[in-house]
Each structure stands twice: as C-alpha cells, then as structure tokens.
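*Asks:*
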Amino acid sequence: MELLSYFNQFLSNIEPTANQKAEASTGHTTLRSRLENDGDFKMAFKDSFLSGSYGRDTAVRPIKDVDIIIVTNYSERLEPNVALSYLKHILSKYYQNVTIQHRSIHVVLSYVEMDIVPAITANDDFLKIPDRAVLNWVLSNPRRHLQLTARMNSAKNGLYVPLVKALKCWRDNRMNGSWKPKSFLFEC
Numbered sequence: 000m001e002l003l004s005y006f007n008q009f010l011s012n013i014e015p016t017a018n019q020k021a022e023a024s025t026g027h028t029t030l031r032s033r034l035e036n037d038g039d040f041k042m043a044f045k046d047s048f049l050s051g052s053y054g055r056d057t058a059v060r061p062i063k064d065v066d067i068i069i070v071t072n073y074s075e076r077l078e079p080n081v082a083l084s085y086l087k088h089i090l091s092k093y094y095q096n097v098t099i100q101h102r103s104i105h106v107v108l109s110y111v112e113m114d115i116v117p118a119i120t121a122n123d124d125f126l127k128i129p130d131r132a133v134l135n136w137v138l139s140n141p142r143r144h145l146q147l148t149a150r151m152n153s154a155k156n157g158l159y160v161p162l163v164k165a166l167k168c169w170r171d172n173r174m175n176g177s178w179k180p181k182s183f184l185f186e187c
C-alpha cells in the first residue's frame, strides 16, 4: 500500500461521518431559519453564515460545534451584553439549553452544539462582534478567513485542508488541554 493510500485511509477515519455532517446541517439550518423568520428578531436580522472549523471544512470527528455568525442591523451604541442577552432571549424560545459565552450564545442539542455570534457591519469587509470582557464591539473578519482557507487549499492542490485535519487530530490526541491551541490559531 502506498503512503498516499495510508494517508487517505487516516483522513477517512478522522473525517466527520455523513450522519454527523447531516446533524450539524440540520441544526444550523433550522436555527438560522428561526432567527431570520422570528417575529421579534427578523427586523434585526440581515444575514448569516457559517464560520469556524465546520464552516472552513477543517473539522475533525466528532464535530465539536458549529459556529454561526448572525449579521444584524444593531448599532455600536448597543452594549454587547444587551445584544447577547437579547439573542439569548430569542433563542430560548426554541431551545432549552442556551447560555451566554464570552462573545457568543451557546446552544446545546442532543446531536449538535452551536455557537451563535451576533455581528454588526463595520467598514469594508469587517464585522464587529461583541466582547463581554472589554464591554465593546471588536473588529473581526470571519469571512476573510473562510476565503483564505479556500484559497490556500486551492493553491496547495487540495492538500491544505487534509493537512489541517491531520494536525488537529494530532493536537487533540497528543497535546494536554492547557497546551492545545484553538483551531483558528492552529490554522493560521
């Protein structure tokens, strides 16, 4: 057996299963649709997109969570804590296990966990996301990271994403919790 076939077998062993992908898809599609159509939230809703490892297709088995950016028409004058609390209130209509995190709302279902980040449009391609620690909206560009991952993977003939997945598997199985870099930093 050639080295490439061993590597491909390894990748198939760490790739999220079709069932895991279907459950993640059902979870985020349902949640995004609910926010877009909710009578109390649809006026604030502008757009949504996937971010994080699942959105970049660099997630390994099992899918830890699905990161969802919800672009709103909020003003920067709205305090981040208020924005997060309001989003938690809306999501609590549909889900039982909903908690506020540092910059997102965490929703736990029996088959998938999701982190929902409210965002406001800044300038150019940048968004601002809430940060409870600094009590302000901070610049972020999650769409750009999605683009850079796709561009890097294309430039490397489709080998970047498999390499990231292999390294994440190594990280998850060989590094102690306090030493494990977050996926975003790891990919950069």
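Take the sequence shown: its letters are residues 0 to 187, numbered as in numbering that gives the first Met the number 0.
All residues carry an ideal CB built from backbone N, CA and C; glycine is no exception.
Owing to the predicted nature of the structure, the values given are computational and were not obtained by experimental measurement.
#1: Measure the alpha-carbon distance for residue 90 versus residue 67 and round it to whole angstroms.
#2: Have a look at residue 167 and residue 176 and give me their C-alpha separation to the nearest angstrom.
#3: I need the straight-line Cα distance from residue 5 to residue 14, nearest angstrom please.
#4: Report buried or exposed for residue 178, applying the criterion of at least 16 other Cβ atoms within 10 angstroms of its Cβ.
#5: Taking just the CA atoms, how far does residue 28 sit from residue 128?
#6: Apart from the five residues just before and just after residue 10, which ones in its own chain have a Cβ nearer than 6 Å to its Cβ?
#7: With DSSP run on the structure shown, which of helix, strand or coil describes residue 171?
#8: Which residues in the same chain as residue 83 place their Cβ atom closer than 6 Å to its Cβ, once the five residues preceding and following it in sequence are excluded?
#9: In terms of DSSP beta bridges, what is residue 113 paired with?
#10: Excluding sequence positions up to five away, which residues of its chain have a Cβ less than 8 Å from the Cβ of residue 171?
#11: Could you tell me which of 111, 141, 57 sits nearest to residue 165, measuring between CA atoms?
#12: Suppose contacts are defined by Cβ-Cβ distances below 8 Å. Is residue 126 in contact with residue 69 by that definition?
#13: Is residue 44 closer than 8 Å to residue 71 when the C-beta atoms are compared?
#14: For the alpha helix (DSSP H) that contains residue 137, what are its first and last residues?
#15: On the CB-based measure, 16 or more other CB atoms within 10 Å of its CB, does residue 16 come out buried or exposed?
*Replies:* Looking at the coordinates:
#1: Working through the sequence shown from its first residue, we reach residue 90 at position 91. Working through the sequence shown from its first residue, we reach residue 67 at position 68. Going from the Cα of residue 90 to the Cα of residue 67 covers about 13 Å.
#2: Translated into the one-based positions of the sequence shown, residue 167 becomes position 168. Translated into the one-based positions of the sequence shown, residue 176 becomes position 177. Cα-Cα distance, rounded: 13 Å.
#3: Here residue 5 refers to the residue found at position 6 when the sequence shown is read from its first residue. Here residue 14 refers to the residue found at position 15 when the sequence shown is read from its first residue. The straight-line gap from Cα to Cα measures roughly 14 Å.
#4: For this step, residue 178 is matched to residue 179 along the sequence shown. Counting Cβ neighbours within 10 Å, residue 178 comes out exposed, since fewer than 16 surround it.
#5: By 1-based counting over the sequence shown, the position of residue 128 is 129. By 1-based counting over the sequence shown, the position of residue 28 is 29. Taken atom to atom, the span from the alpha-carbon of residue 128 to that of residue 28 is near 21 Å.
#6: Start at 1 with the first residue of the sequence shown, and residue 10 comes out as number 11. For residue 10, where only same-chain residues beyond five positions count, the Cβ hits under 6 Å are 161.
#7: Working through the sequence shown from its first residue, we reach residue 171 at position 172. Looking at residue 171 - three-state DSSP - the assignment turns out to be helix.
#8: Residue mapping note: residue 83 aligns to position 84 of the sequence shown, counting from 1. Residues 99, 129 of the same chain have their beta carbon placed closer than 6 Å to that of residue 83, with the five preceding and five following residues left out of the count.
#9: Counting from 1 along the sequence shown, the entry for residue 113 is found at position 114. DSSP, once it has assigned bridges, lists 65, 106 as partnering residue 113.
#10: Numbered from 1 along the sequence shown, position 172 holds the residue referred to as residue 171. Excluding positions up to five away in sequence, the list reads 59, 179.
#11: The residue given as residue 165 occupies position 166 in the sequence shown. Nearest option by C-alpha distance: 57.
#12: Here the question's residue 126 lines up with position 127 in the sequence shown. Here the question's residue 69 lines up with position 70 in the sequence shown. No.
#13: Counted from its first residue, the sequence shown places residue 71 at position 72. Counted from its first residue, the sequence shown places residue 44 at position 45. Yes; because the gap between Cβ atoms is below 8 Å, this pair is in contact.
#14: Along the sequence shown, one-based indexing puts residue 137 at 138. Here residue 137 belongs to no alpha helix (DSSP H); instead the beta strand (DSSP E) covers 135-139.
#15: For the purposes of this step, residue 16 is identified with residue 17 of the sequence shown, where counting begins at 1. By the neighbour-count criterion, in which a residue is buried when 16 or more other Cβ atoms sit within 10 angstroms of its Cβ, residue 16 is exposed.
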